[in-house]
Amino acid sequence: MTRFPFIYFLLMISMLPGFVSGQQAESVPVATLFDQLYTADTTAIEVTISTDLGRLFRDPDRSEYQDAEVKFSLSGQWQDELTGKIRLRGNMRREVCGIPPLKIKFRKQDMNERGWLPHNDLKLVLPCRDNQPSLQNLMAEYVAYQMFEQIAPVSLRVQMIRLRLVDSDGNKKDELYTAFIIEPIETLAARFNLKEVERDTYRESFLEKEEYRKMAFFQYMIGNTDWNIYNHHNLYFLAGDPYQRMLAIPYDFDYSAIVGTGYAIPYETLPIKSVSERLYRGLKCEESEALELIEEFAARENAIINTVNAHPLLKESKKKEMLSYL
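For what it's worth, the numbering used here labels the leading residue of the sequence shown as -6, then goes sequentially.
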């Protein structure tokens, strides 16, 4: 398989079939649970979840919420405890991972009492297995979110945490993990004065083309084909009002080549045999449009490389692997 350097992959797009355009989107401060937890310190946040762990992990197909007590601590400076409900989330990770992703939902009343917007759920991503390769893959996915922030300001933030799972029945030992939290889509929308658009189906014609191309180029760059506009797979959609063209916001990068999970395989309907084979799934570009994007991505190349190199928990071998793919 031929691998293309970071700057050359855009040159190919102009030959492929295949809201806020030209403006600098600016984030505004919002008061939410996620923003209370969001910090540049990758080791500052401790989250302790007490729930019936046996029941939670017994059936990977179970989607019902169960009771949980959640404690938050920020380097001893701030602490809080919330009552909530927890369940497993994800599709493939439920089936193949010993530790699937989690979703916690809190009471909106508790959000209001603390002066926060009622964005009352958090998505947690954990290592697929309790071993070092899974931790490295998790950190690579975390970095993928940070890389997309370098490309598009309207993007989901992530926050690393130290997670302790406590069995409320006392039948299991406490489990400690490095994990990360994904910003709720409502919080992202509030930061940019946008709203989530929910429909049964979507079309490329609904989207703001310039931002869509950037998102599709980014997915191509990291070797990710696990997304779909039409059934909104691994995509959220935001707009200023229902009549504006929408922004497509990607999430869940565990199937990307840059992350490198062992379970990631391309869909049978795609003309590739491995996720490490790049496939562009976005709109065709005219040559002038491709050249503009080349310039924009090239301007962010050093920032993207620095994002990979700066992560404290990525081993040098994993950093080298990721940068080699780029």
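Idealized CB from N, CA, C, for every residue including glycine.
Residue i, DSSP secondary structure in three states
| i | result |
| --- | --- |
| F211 | helix |
| D73 | strand |
| N221 | strand |
| E197 | helix |
| F50 | helix |
| S281 | helix |
| F173 | strand |
| K166 | coil |
| T180 | helix |
| T87 | Sequence check: residue 87 is Arg here, not Thr. Looking at R87 - three-state DSSP - the assignment turns out to be helix. |
| Q16 | Confidence at Q16 is low in this model, with a pLDDT of 44, below 50, so the placement of that residue should be treated as unreliable; the coordinate-derived value is given next. In this structure, Q16 counts as coil in the three-state DSSP scheme. |
| E270 | coil |
| I79 | strand |
| E191 | coil |
| D103 | helix |
| E288 | helix |
| R314 | Residue identity check: residue 314 is Glu in the sequence provided, not Arg. Looking at E314 - three-state DSSP - the assignment turns out to be helix. |
| Y236 | coil |
| E261 | coil |
| I92 | coil |
| R206 | helix |
N- and C-terminal bounds of the beta strand (DSSP E) containing residue i
| i | result |
| --- | --- |
| S66 | Q59 to L67 |
| L158 | V151 to D160 |
| Y229 | L228 to A232 |
| F99 | L95 to F99 |
| V40 | I38 to T44 |
| L240 | L240 to P243 |
Contacting residues, own chain, Cβ-Cβ under 6 Å from residue i (five flanking each side not counted)
| i | result |
| --- | --- |
| E204 | L240 |
| F99 | L75, G77 and N113 |
| L169 | R157 |
| S281 | none |
| I42 | A61, V63 and L158 |
Proximity of residue i and residue j at Cβ, strictly below 8 Å
| i | j | result |
| --- | --- | --- |
| R107 | Y31 | no |
| L316 | A133 | no |
| Y195 | F230 | yes |
| E179 | E189 | yes |
| T35 | P305 | yes |
| I287 | I154 | no |
| I215 | F173 | no |
| D45 | D160 | yes |
| G47 | K166 | no |
| A232 | L187 | yes |
| Y213 | Y273 | yes |
| V63 | I97 | yes |
| I92 | D123 | yes |
Residues near residue i by beta carbon distance below 7 Å, same chain, minus five either side
| i | result |
| --- | --- |
| Q16 | Low confidence applies to Q16: its pLDDT is 44, below 50, so where it sits in the model is not reliable, and the reading given next is rough at best. Same-chain partners within the cutoff: there are none. |
| I175 | K116, V118, L149, V151 and Y244 |
| R339 | The question about residue 339 has no answer, for the chain in this structure spans -6 to 319. |
| I144 | K207, F211 and R293 |
| N227 | D219, W220, P243, Y244 and D245 |
| D73 | F65 |
Neighbourhood of residue i by C-beta, 8 Å cutoff - its chain only, sequence neighbours within 5 removed
| i | result |
| --- | --- |
| V89 | C121 and Y256 |
| E314 | G253 |
| K266 | P259 |
| L110 | V23, A24, T25, M104, E179, T180 and A183 |
| P53 | L81, R87, E88 and P93 |
Extent of the continuous alpha helix (DSSP H) to which residue i belongs
| i | result |
| --- | --- |
| E294 | E294 to A303 |
| K308 | Unbroken run through K308: none, as it is neither H nor E. |
| L26 | L26 to L30 |
Identify every run of the alpha helix (DSSP H) within the stretch 115 to 144, keeping only runs that are complete inside it and at least 4 residues long; order them along the chain. 125 to 144
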